[in-house]
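Notes to accompany the following structure.
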Amino acid sequence: MISFETLYAAPPDLLRHAPVLLVAGPLIGACAAALAPSSRWAWMISVGATIFALWMALGVIGEVARKGVLDYYLGGFAPPAGIAFRIDGLGATMALLIAFMGAAVSLYSGHSLRAEVRHEKQTLFQSGFLLCQAGMLGLVSTGDAFNAFVFLEISSIGTYALVALGSRRDRRALPAAFTYLVMGTIGATFFVIGVGFLYAATGTLNMEDLALRLTPLSESRVVQAGFAFIFVGLGLKAAMFPLHGWLPGAYTFAPTAIAAFLSATATKAAIYLMARFAFTVFESDDAFVQGFLFWALAPLAAVAAIVCSLQAAFEKDVRRILAFSSVAQAGYILLGLAVGTVLGVSAGLLHLLAHALMKGALFMAVGAATLAVNARTLTDFAGAGRDAPWTMAAFTMAAASLMGMPLTLGFLSKWRLIEAALAQNQVWIVAVIAVSSLLALVYVSRMFEAVFLRAPAQGAPRVKEAPVGVLVPLLILAGLSIWLGIDASLPEALADAGARALFGVSP
Amino acid sequence: MSLLTHVNYFAVVLLMVAGLYIVFSSGNLVRRMIGLALFQTSTGLFYISLAKVAGGTAPIRVEPDSETARELSSRVDPGYAAQYAIDGVVYSNPLPHVLILTAIVVGVATLAVGLAIAARVREAYGTLDAGEIADADRKAGRGPVP
Amino acid sequence: MNSGELLIGLALIIPLFTAAVVYAVGRMPDVRETLTMVGAVFLAIITISLTIWTAQGNPPSLVVARPLQGLELAFRLEPLGALFALMASVLWGVNSMFSIGYMRGRREANQTRFYVCFALAMFGVMGVAMAANLFTLFVFYEVLTFSTYPLVAHKGDEPSRRAGRIYLGILVGASVTLFLPGIIAVQVLAGETTFVPGGLLSGKVEGVGASLLLALLIFGSAKAALMPLHGWLPAAMVAPTPVSALLHAVAVVKAGVFVILKMSAYIFGDELIGSLPAAQWLLWLAAATIVIASLVALTKDNLKARLAWSTVSQLAYVTSAALLPASAGLAAGGLHMIAHAVGKITLFMCAGAIYVAAGADKVSQMHGLGRRMPVVFFCFLIGALSVIGLPPLAGFWSKFLLISASFGSNEWITAAAMVVSSIFGLFYLAPVAIRGLLSPDSDGQPIHFIRPGGAPGIVVLSLVITAAACVALFFLADEIVDFLKPLAGAVQ
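Residue numbers (our numbering), protein chains in the order written: chain L, -11 to 495; chain Z, 588 to 733; chain C, 93 to 584.
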C-alpha cells in the first residue's frame, strides 16, 4: 500500500504556510489573470497557479499524514478572534482532488476555450476559473462554518459567470446560468440561516467548538431547525434529488472545461460540507442524525440513483446524459454516507473520487471531440470512434468506469459501497445500486453504440480528433480510472483517511 | 417571550418569505433578482437580531468609569451585569455584525453577476420574461432550459 | 517469477497477444488465420503443461494485483480449472480450423473483428478457468460476456442486434443484480472470496441467508442457462456457426456451469450444500429445466435452435451435479462438462458444414442429404449418440455416473429427469442423422450444393477430429475422473 506520507514534502518554510498558500495561489492567480495582456498569458498564469495549488495540496496531504490535523491561524491570530484553517484527512483529500482536477482542466482549457469562449473573454474566463477553484479549496480548508459560506459563494459566483460564458456556442447557456445563480444563492442563503440558528444556540461558529457545544443540545428545536436549513441549502448546492433542477442545464451549456471541472468538484464540495456537518459537527450516533440519514438522505439518494439514471437513459443530448448521470452518481455517494459507518463513508468517498475522475474525463472527451463541430446529440456523435480514435479511447475508458466495468475504479467503488451496505444488513441499498448500475449500462451502451457502431449521416459535419494539448490531460484522467482500478491503494488510503477524520477514529 | 419581543424575527420571516415568493412567482428576471436580494438581506436582519444582547449597547468600546459607562450600567440589573458586562457595560455581540458585513458583500456580488447575466439574456433574446425565453428556444427547434 | 507463474502469465497473455497481432495484420487473411492457429497451438501447449503441473500435485499460482485491501486479482490452478482450460484451448484450435473454412465458405464480413473477439473471449475463458477467487472470476466472466457480444451481433442486422441486446441484457443483468451482490456477500461473510477446498463458507453461514446466497450465486451465473434465465442461449444462435460451436457449446456456457461447480466445491462445500433447502429446490428446478428444454428441442425444426435447447437441457445436468449432496456428483459433473462439450461442438460443426455446403438450416430440409455428405452425417450421428449417452462414446460415462450419483443420494426426481431427457434426446437428435443418411430426398428433387464441392475439406477435417475425440474420451473417462478426484476428495 502506498502511504501518502511519502507522496511529497515541500521545503519546510513553504510547507508551514501550505494551508493558506493552497488558497492564496489561485486567488492571486485570479487577480493576475484578470490583468493579463492576452488570453495566452492568462492561460499560462492559470496553469501556473493550479499547478502551484496542486503542489501545495500534496504538501498539505503529506503534513496531514504525519501530524493528523493541520491548524493554521491567519496572521497568527488564534480563534475566536482570528480566522482559522483546519485541514484534516478529509479536507486534505478533497483539496488534493480539487487541485488535481483544476490543474488538468486548466491544461485542457488552453485549446478548448478557443472553440467555446469568445476571444476577448478568455482572460476573464481564466480569472473566474481560478476564483472558483480558490473558493472550493478554501471551503475544504476552513474550520469555520461562516467562512465556509463565504468560500462557497466565492466559488459559486465564479461558476455562474463561467457557465454563462458558454453562450458563444448556445445562447441557452444564459438562462441556464441564471437559474443556477438563483438556485445556488437560495441554497447558500439557507445554509447561512442554518448556521445562524446554530450560532444562536451555541454562540460559536468554529466547527470544532460547535461539535462540542452541540452534543448536549441535540434535542433542541433550534438546533434541529438549523440542521434542516443547512441540509436543504447544501442539498441545493450538491444537486441532491429533488433539488437538482438547475444542474442539467448548467452542465449542458457551460463550456466543456467548466462542465468537467464542476462535475468533478463543485457538487462534491457541497457533499463534503454536508458530510462535515452530519458527522463531525453533529454526532454521527445521535438519534437525530441517524434519523436524518435513514429517513431523509438514504431515500432521496436512492430515488436519485434510479430516477436520474432512468432520465439519462432516455436523453438524446450527450451532455445531458452525463449531467443526469452525475445526479444519479451523487446518489451513490450519498448512499454511502447514509450507511453511516466508517466503512460506508469511506466507500462513498471512494466513489466520490472515482466519479470525479471519470466524469471529468467524460466531459473533457465530449468537449475534445466537439472542438471543431458543435456536436450535441447522440446522432451528432455517430462514427466518432473512427474519426477521433484517441479521444474516444479516453471516452471509452472513462465510460467503462462509469458503468462499473471490472478493472476500473468505478467498479471497485461500487464493490465497496455494496460491501458497506451488506455489512450493515441494508440489503435494499444493494438492490438500488444494482438496478441503477443496470440503467447506467443502458445509457452508456447507447453512447457506445452511437460512437462505435452507427455510421454518420451523409453530409453531416464530422467529429475531428483533438490536438495533443487537449489529449494529454484527457488521457491522463481516463487512464487513471483504469490504472487505479487495478491498484486502488492510493484512493483507498485517501478515502479511508477522510472517513476516519470525519468520525474522529485513529487508524 | 411575547409577540412584541420577537417582532424583529417576525419581520425577518416575512421578508424572507416575500423574497422567495417574488423569486418563484415572477417571470421577469430582474424582479427575480430583486426577490433574491430581499431574501438575502433578510438573513442580515436575522443575524443582527441575534447579536442583540438585552440591555446591551452598540459594540463600540466605552471608556470605563466614564459618564457614559456609568449611565449605561445603571440601566441594567446588577446581577445581570455581573454575568455579561465588560467593565460594567453590557455590549451587544459584535461578531454577527462583522459576519453580515461579509454577507452583504457576497450579496452585492451575486446581485451584480445576476443582473449582468440578465442583461446578456436580454441582448440574446430581446426579452427578460422567462416564459418568452422558453418560447423562443422552443421555436428555434431546441428545447428550453429546464 | 517461477515457471508456474510464467505459465499462468503466458496462458493469459497468449490470447491477448493473438488478438493484438490478428488486429494488426487484419488486411492479410492468410497471415491472420495462420497467427490464430499458432496462438491456439501455443495456448494448448501451455494448458497441457498447466494440467500436468496440477496433476503432479503442484498447482501453479500467481497474484497479479491487489486493487483494494482484501481483494486480490489472483490465479491458482486446481483440477477442474485445469481441465476446463485444457478443453477450451484445444477446442479453440480445432474450432479455428473450422472457422477458417466456414467464414471463407460463407464469405462473411468483418472477419478480422471476428478473430479478434474470439481471441479475447479465450482470454476471458483462461481467466475464469484459473481464477483463485470469486472476484477474479467475476472480472473475467464479464470479459467473456463483453467480448462475445460483437460475435453474437456479428451480422449487424436488426435481428442479430436484438439478439445481442437480449444476450447482454440477461447475462449482464443477472451478473450485476444477482452474481455481484452474492459475491460481495461472500466477501462480507468470510472476509475473502478465495476458493478453499472444503468450502469457504462452511460453518460461517446457515439457514435462510445461506439459501438466499446460494440462489443468488446460482442464478447469477446465468451463463449456465438455468431456467428461467435461459433465454439468451437460443437467442444467441443468430451468430455464425463457429461462434455457436465454440462459445455456446463450449466456452461461454461451460464457463457458467464451471462457475457453479466451482462454487459448490470451494465456496459452499459438501456439508453446506447438503444442508440447504434451497439446494433441494434448485435441484428440482434443474430437473424441470432438463425435461422442459428437451421437450422444446423436440418441437424445433431449425437445427441450431434444436441444438441450443439441447444444450440448455444438458447444462442443467451439470448444475444438478453441483447441487447433489454427494461428492461423486462433482467429478461426474466435470466429466459431463467435457463430454458434452466435445459432443456438442461436433454437432454444431456438422450443422455448419451442412449450412455452408447446402444452405440448409432446417431439419426438414436435410432428408437424404447424408448421402451427398456421408462423413458429415456420420460424425453427426456419433456426436448425437454421445450427447444422448450411449456407449462407446464419451457421454455414456458421464451420464452413467450422474444418474448413479443421483440414485445414490436418493434424488429420484433428478435421476428420472435425466433418464427421460435422454430418451427424448434419442428422438430429437438421432433422427436428424438417420433420416439424412437413410431416407430419400424430402421432395424428390436432387439436393444442390450451394457451394461447389460441398463443405470445405478443412471443415470436414475439424469435425472428424472432434468426433474421434468423442470415442477417445470414452476410454479416457477413468483417467479424467481420477484427475478430478482431488475435487471430490477436498469435499470429504
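Glycine included, each C-beta is placed from N, C-alpha and C at the ideal position.
**contact_flag[the stretch 272 to 287 of chain C, the stretch 334 to 350 of chain C] where n(CB pairs < 8 Å) is 3 or more** = no
**Asked** Shorter than 7 Å from the beta carbon of residue 475 of chain L to some beta carbon of chain C?
**Response** yes
**Distance between residue 6 of chain L and residue -1 of chain L (C-alpha atoms, nearest Å)** = 10 Å
**Request:** Mind checking the stretch 242 to 268 of chain L against chain Z and listing, in chain order, the residues whose C-beta falls within less than 9 Å of any C-beta there?
**Result:** none
**Message:** Residues in the same chain with beta-carbon distance under 7 Å from residue -10 of chain L, minus the five sequence neighbours each way, listed in chain order, please.
**Reply:** Because the pLDDT at residue -10 of chain L is just 46, under 50, the model does not fix this residue reliably, and the point stays unresolved.
**Request:** List the whole-angstrom C-beta distance separating residue 555 of chain C from residue 445 of chain C, where the pair is believed to meet the contact cut-off of C-beta under 8 Å.
**Result:** 6 Å
**Request:** Please check the pair residue 181 of chain L and residue 597 of chain Z, which I expect to be a contact at CB under 8 Å, by giving their CB distance rounded to whole angstroms.
**Result:** Contact doesn't hold; Cβ gap of about 15 Å is too wide.
**Message:** Just to confirm the assignment, what range does the beta strand (DSSP E) spanning residue 168 of chain C have?
**Reply:** 165 to 168
**Request:** Check each residue of the stretch 621 to 650 of chain Z: if its Cβ is closer than 7 Å to any Cβ of chain L, include it; give the result in chain order.
**Result:** 623, 626, 627, 630, 633, 634 and 637
**Prompt:** Is residue 454 of chain C helix, strand or coil when you go by DSSP?
**Reply:** strand
**Asked** By the criterion of Cβ-Cβ separation under 9 Å, what are the contact partners of residue 712 of chain Z in chain L?
**Response** 159, 162 and 163
**Message:** Quick check on DSSP: helix, strand or coil for residue 305 of chain L?
**Reply:** strand
**Request:** Grab the span of the beta strand (DSSP E) containing residue 156 of chain C for me, first residue to last.
**Result:** 153 to 157
**Request:** Kindly list, in the order they appear in chain L, the residues whose Cβ is closer than 7 Å to that of residue 277 of chain C.
**Result:** 410
**Message:** Taking only three categories from DSSP, how would you classify residue 732 of chain Z?
**Reply:** Reliability fails at residue 732 of chain Z, whose pLDDT of 48 lies under 50, so the model's placement of it is uncertain and no value is given.
**Request:** May I ask you to list the residues that DSSP assigns as paired with residue 194 of chain L?
**Result:** L/132
**Prompt:** Can you give the Cα-Cα distance for residue 529 of chain C and residue 466 of chain C, rounded to whole angstroms?
**Reply:** 7 Å
**Request:** Report the rounded CA-to-CA distance for residue 86 of chain L versus residue 335 of chain L, giving the unit in angstroms.
**Result:** 19 Å
**Asked** Along the chain, which unbroken stretches of the alpha helix (DSSP H) at least 4 residues long are found entirely within the stretch 313 to 351 of chain C?
**Response** 324 to 327 and 333 to 338
**Message:** Starting from residue 62 of chain L, trace the alpha helix (DSSP H) in both directions and tell me its first and last residue.
**Reply:** Premise fails: residue 62 of chain L is in no alpha helix (DSSP H) and is neither H nor E.
**Item:** Members of the stretch 218 to 243 of chain C near chain L, C-beta cut-off 7 Å
**Value:** 230, 231 and 234
**Message:** Would you say residue 708 of chain Z lies against chain L (beta-carbon separation less than 7 Å)?
**Reply:** yes
**Asked** Quick one, which of Z/663, Z/727 and Z/618 has its alpha-carbon nearest residue 642 of chain Z's?
**Response** Z/663
**Request:** Compute the distance between the beta-carbons of residue 716 of chain Z and residue 614 of chain Z, then report whether it is under 7 Å.
**Result:** yes
**Prompt:** Which whole-angstrom value is the C-beta distance of residue 107 of chain C and residue 211 of chain C, which I expect to be below 8 Å?
**Reply:** 5 Å
**Message:** Just verifying my parser: in three-state terms, what is the DSSP assignment at residue 398 of chain C?
**Reply:** helix
**Three-state secondary structure assigned by DSSP to residue 225 of chain C** = strand
**Prompt:** Opposite residue 74 of chain L in the DSSP bridges: which residues?
**Reply:** L/59
**Request:** Name the residue from L/400, L/268, L/318 and L/216 whose alpha carbon lies nearest to the alpha carbon of residue 290 of chain L.
**Result:** L/318
**Request:** Answer yes or no: does any C-beta atom of chain L fall closer than 7 Å to that of residue 693 of chain Z?
**Result:** yes
**Item:** Cα-Cα separation, residue 273 of chain L to residue 281 of chain L
**Value:** 10 Å
**Message:** Counting only beta-carbon separations shorter than 7 Å, does residue 293 of chain L have a partner in chain C?
**Reply:** no
**Asked** Which ranges does the beta strand (DSSP E) cover as unbroken runs of at least 3 residues, wholly within the stretch 95 to 157 of chain C, from first to last along the chain?
**Response** 153 to 157
**Item:** Nonlocal neighbours in the same chain, by C-beta distance under 7 Å from residue 252 of chain L, ignoring five residues either side
**Value:** 89, 344, 347 and 348
**Proximal residues to residue 214 of chain L (C-beta, below 6 Å), its chain only, five neighbours per side dropped** = 182, 185 and 186
**Item:** Nearest to residue 403 of chain C (by Cα), restricted to the options C/122, C/434 and C/237
**Value:** C/434
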